[in-house]
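All remarks here apply to the structure that follows.
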Amino acid sequence: MSGTEREGIPEGSLELDPAGLPCKLEESFPSVAPECSSAKTQECDTRHAGPSSAKSPHKGSVSARERQDTTCMNAETVAKTPMEETSGHKTGTAGSTGADEDDICNAEYGEQEKRLLQEERPIACGAFKVSDLNDMMTYSSTDAFSHPVEARTTGKNEEYEIIPNLGEIWAVYKNWSTGWTAQDYEKCEYELVEIFGHTESSTEVKLLRKLDGYNVVFMPCKGEESVKTIRKDEYLKFSHQIPCFHLTDENGCKLRGALELDPFSVPKEFLPTSSK
1 MSGTEREGIP EGSLELDPAG LPCKLEESFP SVAPECSSAK TQECDTRHAG
51 PSSAKSPHKG SVSARERQDT TCMNAETVAK TPMEETSGHK TGTAGSTGAD
101 EDDICNAEYG EQEKRLLQEE RPIACGAFKV SDLNDMMTYS STDAFSHPVE
151 ARTTGKNEEY EIIPNLGEIW AVYKNWSTGW TAQDYEKCEY ELVEIFGHTE
201 SSTEVKLLRK LDGYNVVFMP CKGEESVKTI RKDEYLKFSH QIPCFHLTDE
251 NGCKLRGALE LDPFSVPKEF LPTSSK
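Going by UniProt numbering, the first residue of the sequence shown is number 1, and it counts up by one from there.
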């Protein structure tokens, strides 16, 4: 943070992901007054700072369980905090802006892609090309961005490929087909899946099921029938990525292996309806 986000935020402050903090934060880290904490904070940061871990790209077909998990202590910890606000973006990185893809335009047009673009329907996967200066958009804050997107260069000039990565959670259109019309998309249902494997021509996904008693906590389904294969020419079936946290069983939480999904990205049909 720069200290200019809003009034009252000291320069050099850090906003931490609430889902990654200990449950009894006040006992472990007593608060200090902002005006007198600058020098002590710098000293503490220098003494305790550790090396940052770099993200290694996956090669070949690798199990999703080999990824490095992001963990949190308790379920339902971020239900009131948009994950959109906790993700940072750096110059040169790609990010999703939810309903708009203003900075990137699709580079490979099949008939289905053309129709979707004409209907101004966002496309999540495929080859994209950086737009020219005339199409550039300026955002005054990061609120418009949902989550970082990993874009790989295709070797062509300013062209990038965006495909689901191992371990990511995605919403896919249920019973999707290439002949879908705008009306089909409007009334469609969704399935939630975890990216489980990759080949050159397809992606394997595993269905998720919602756990009883929780709003946005899901668990991968068991059994061979829960694994599906989505061919590369069916990638328009992917609707959007859903940020998530991998839960553990610390502090009495018995949800190891479960996933807490971003409630702002989960399709409404999976969310509890408010009783009147």
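Note that the Cβ used here is the ideal one computed from N, Cα and C, for glycine as well.
For glutamate 191, no alpha helix (DSSP H) encloses it; the enclosing beta strand (DSSP E) starts and ends at 190 to 198. When DSSP states are grouped into helix, strand and coil, phenylalanine 270 belongs to the helix group.
Contact between the stretch 203 to 219 and the stretch 176 to 193 is present: 3 or more CB-CB pairs across the two stretches fall below 8 Å. When secondary structure is reduced to three states using DSSP, threonine 142 falls in the helix class.
If you draw a 10 Å sphere on the C-beta of glutamate 260, you find 16 or more other C-beta atoms in it, and that means buried.
In the displayed model, tyrosine 214 falls within coil according to three-state DSSP, outside both helix and strand.
The beta carbon of glutamate 158 lies closer than 7 Å to those of Lys129 and Val130 in the same chain, with the five residues before and after it left out. Alanine 182 is classed as exposed because its beta carbon has fewer than 16 other beta carbons within 10 Å across all chains shown. When the five nearest sequence neighbours on each side are left out, the beta carbons in the same chain lying within less than 7 Å of the beta carbon of lysine 174 are those of Cys188, Glu189, Tyr190 and Glu191, in order along the chain. Taking C-beta atoms as the reference points, alanine 258 and leucine 271 fail to come closer than 7 Å. Between isoleucine 169 and glutamine 241, the beta carbon gap of about 7 Å places them in contact (Cβ cut-off 8 Å). Our two residues, alanine 171 and proline 267, have alpha carbons roughly 8 Å apart in a direct line. An exposed status is given to tyrosine 139, since fewer than 16 other beta-carbon atoms sit within 10 Å of its beta-carbon. Per the coordinates, the alpha-carbon of glutamate 119 lies some 23 Å from the alpha-carbon of tyrosine 160.
Counting only the Cα atoms, cysteine 244 lies some 14 Å from arginine 256. Approximately 6 Å separates the beta-carbon atoms of glutamate 204 and threonine 229; this is inside 8 Å, confirming the contact.
Residue state for glutamate 260 is assigned as strand, using DSSP reduced to three classes.
When rounded, the separation of the alpha-carbon atoms in glutamate 111 and alanine 144 is 29 Å. Going by DSSP, glutamate 186 is part of the alpha helix (DSSP H) stretching over 182 to 186.
The closest CA to that of phenylalanine 218, considering only Tyr235, Asp132, Thr153 and Pro263, is found on Pro263.
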